[in-house]
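Numbering-wise, the sequence shown is residues 30 to 383 according to this note's numbering. This report refers to the structure that appears directly beneath it.
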Amino acid sequence: MFHSVILAGVYDIKNLKLKIRPEAEHKFNSPWNIAARFNIDMDFSAEEIALMLREYERDHTTGMDILEIAECIYEYTSGYPYLVSALCKFLDEEIPERKEFVEKSDVWTREGVGEAVKMLLKENTPLFDSMIKQLDIYKDLQDMLEEILYQGRQILYSPYVESVNIGVMFGFLKEKGDNITVANRIFEMGLLNLFIAKEAAGSTAFRYGQRDRNQFIKNARLDMELVLERFVEYFTDLYCDSDERFVEAQGRKCFLLFLKPIINGVGNYYVEAQTRDAKRTDVIVDYLGEQFIVELKIWHGNEYKERGERQLSDYLDYYHLTKGYMLSFNFNRKKKIGVKKVFVEEKILIEAVV
30 MFHSVILAGV
40 YDIKNLKLKI
50 RPEAEHKFNS
60 PWNIAARFNI
70 DMDFSAEEIA
80 LMLREYERDH
90 TTGMDILEIA
100 ECIYEYTSGY
110 PYLVSALCKF
120 LDEEIPERKE
130 FVEKSDVWTR
140 EGVGEAVKML
150 LKENTPLFDS
160 MIKQLDIYKD
170 LQDMLEEILY
180 QGRQILYSPY
190 VESVNIGVMF
200 GFLKEKGDNI
210 TVANRIFEMG
220 LLNLFIAKEA
230 AGSTAFRYGQ
240 RDRNQFIKNA
250 RLDMELVLER
260 FVEYFTDLYC
270 DSDERFVEAQ
280 GRKCFLLFLK
290 PIINGVGNYY
300 VEAQTRDAKR
310 TDVIVDYLGE
320 QFIVELKIWH
330 GNEYKERGER
340 QLSDYLDYYH
350 LTKGYMLSFN
360 FNRKKKIGVK
370 KVFVEEKILI
380 EAVV
């Protein structure tokens, strides 16, 4: 169980070697070769993952909620076979050895899956090594991925755009409607970790978060309200005179760089693909079994503020939370910089404005 997965790699003939010769005109070989489309979906569905878990449960009797864990694994992997298998292998073999997961019933939980994701992202695997190698070769692909993840940019799908074609071919990207998106949440998390690691050494935001990290953890809990307060101070001091174009392009990246060293090694975060666009990004932070929803908002007026509060409130319902956080990059000249509490029905929203 979960010990062997057959992966089929399928290329168009023209893509077997993208650069046989240094000359640009020879980038693709054999122009008369015509490849048949490969239309079989190799990814697992949540139902197929549940079938495998039922088989495992018959042998091991963990007491897991099979449908919930199958859905949780699918949320992270989108059914990518290697990732599904790797997470289950960690859950079966390695996580039970950790002191915080004493019983079998503690392992096969959402917290256990989250721990398996952290372990996978720290592994040196051929899959992630290959991804990094392709990004080093194709700089346009890396730039495009950064725009998707940091800025929420919507990019139209076209197989004739080289960076799109390469990203889809190697499985980093997939077509969703008329646009492209990163293939799964684990790839997003891995890519964010990579991009932030590359920028950390030269980032003032990362150094500020690293310097002050101890004050944000109280009784083994993350004080997200204090994180926002300190970020407002930091961003106001350094970027108060920056123009809108800079803030829209760099604001969310600054926050993620600031947050990373605070939770590093203990917590994780990812950007929620369902809510990501040019004006809004939801960051989900996991820290020692506790989740925080932080909405990053580009705010041009009160209607955005009110709509944002309602959207965040609805999103908290999905995660069964009563407290959420909003960070607004506000271009209103009469804005009031700082952090305050807002009550929406039974929920508390901590709103920070820079």
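Note that CB positions come from ideal geometry on N, CA and C, so glycine has one too. As the structure is a computational prediction, the values presented were derived from the model and not from experiment.
Asked: Through-space distance from I98 to A79, alpha-carbon basis; Found: 8 angstroms
Asked: Under 8 angstroms between C-beta atoms of T119 and M148; Found: According to the sequence as given, residue 119 is Phe; it is not Thr. Yes. Within cutoff.
Asked: Beta-carbon proximity check, V146 vs L116, cutoff 8 angstroms; Found: yes
Asked: Burial state of N213 (16 or more Cβ within 10 Å); Found: buried
Asked: Alpha-carbon spacing of L325 relative to D88, whole angstroms; Found: 45 angstroms
Asked: Cα-Cα separation between E254 and Y354, rounded to whole angstroms; Found: 8 angstroms
Asked: Check whether V312 and Y298 have beta carbons under 8 angstroms apart; Found: yes
Asked: DSSP three-state assignment for L350, whether helix, strand or coil; Found: coil
Asked: Residue from R339, S159, P290 and S107 whose Cα sits closest to the Cα of F199; Found: S159
Asked: Touch test, the stretch 163-181 against the stretch 344-354, Cβ-Cβ under 8 angstroms, three pairs minimum; Found: no
Asked: V383, enclosing alpha helix (DSSP H) - first and last residue; Found: Counting along the chain, V383 falls outside any alpha helix (DSSP H), and DSSP gives it neither H nor E.
Asked: Nearest-angstrom Cβ-Cβ length linking I225 and L285, presumed shorter than 8 angstroms; Found: 6 angstroms
Asked: Residue range of the beta strand (DSSP E) that includes V261; Found: Per DSSP, V261 belongs to no beta strand (DSSP E); it is in the alpha helix (DSSP H), M253 to Y268.
Asked: Environment of L378 [buried if 16+ CB atoms lie within 10 Å]; Found: buried
Asked: CB-CB length for K133 against G181, believed under 8 angstroms; Found: K133 to G181, Cβ: 40 angstroms. No contact.
Asked: Three-state secondary structure assigned by DSSP to Y299; Found: strand
Asked: Proximity to T265 [Cα-Cα], best of V383, E77, Y105 and L82; Found: V383
Asked: For D71, the three-state DSSP class (helix, strand or coil); Found: Contrary to the premise, residue 71 reads as Met rather than Asp in this sequence. Coil, per DSSP.
Asked: DSSP-derived helix/strand/coil call for F360; Found: coil
Asked: CB of L4 within 8 angstroms of CB of A381, strictly; Found: Outside the shown range of the chain, which is 30 to 383, sits residue 4, and nothing can be said about it.
Asked: Where K227 falls, given that 16 or more other Cβ within 10 Å makes a residue buried; Found: exposed
Asked: Within 8 angstroms, strictly: CB atoms of C283 and A234; Found: yes
Asked: For I177, three-class secondary structure by DSSP; Found: helix
Asked: Straight-line gap, R240 to Y263 (C-alpha atoms, nearest Å); Found: 12 angstroms
Asked: Of the residues V261, R309 and P155, the one placed nearest E338, counting alpha carbons only; Found: R309
Asked: Nearest residue (CA-CA) to L221, options L150, D315 and N361; Found: L150
Asked: Three-state class that DSSP yields for N194 in the structure shown; Found: helix
Asked: Helix, strand or coil at E126 [DSSP, three-state]; Found: helix
Asked: Cβ neighbours of A53 in the same chain (closer than 8 angstroms, five flanking residues each side left out); Found: In this predicted model, A53 has a pLDDT of only 47, less than 50, meaning its place in the structure is not dependable; the value taken from the coordinates is given anyway. Counting only Cβ-Cβ distances below 8 angstroms, and skipping sequence neighbours, we find nothing.
Asked: Residues of its chain near E301, where Cβ-Cβ distance is below 7 angstroms and the 5 sequence neighbours each way are ignored; Found: D311 and I313
Asked: With 16 other Cβ atoms within 10 Å as the buried cut-off, status of G231; Found: exposed
Asked: Burial state of F67 (16 or more Cβ within 10 Å); Found: Unreliable positioning characterises F67 in this predicted model, as indicated by a pLDDT of 48, which lies under 50. The coordinate reading is nonetheless provided below. So F67 ends up on the exposed side.
Asked: Buried or exposed by the 16-neighbour rule on C-beta atoms within 10 Å, applied to L185; Found: exposed
Asked: K361 to L178 span [Cα, whole Å]; Found: Correcting the residue identity first, residue 361 is Asn in this sequence and not Lys. N361 and L178: Cα-Cα distance of roughly 25 angstroms.
Asked: Beta-carbon spacing of G238, I291 below 8 angstroms; Found: yes
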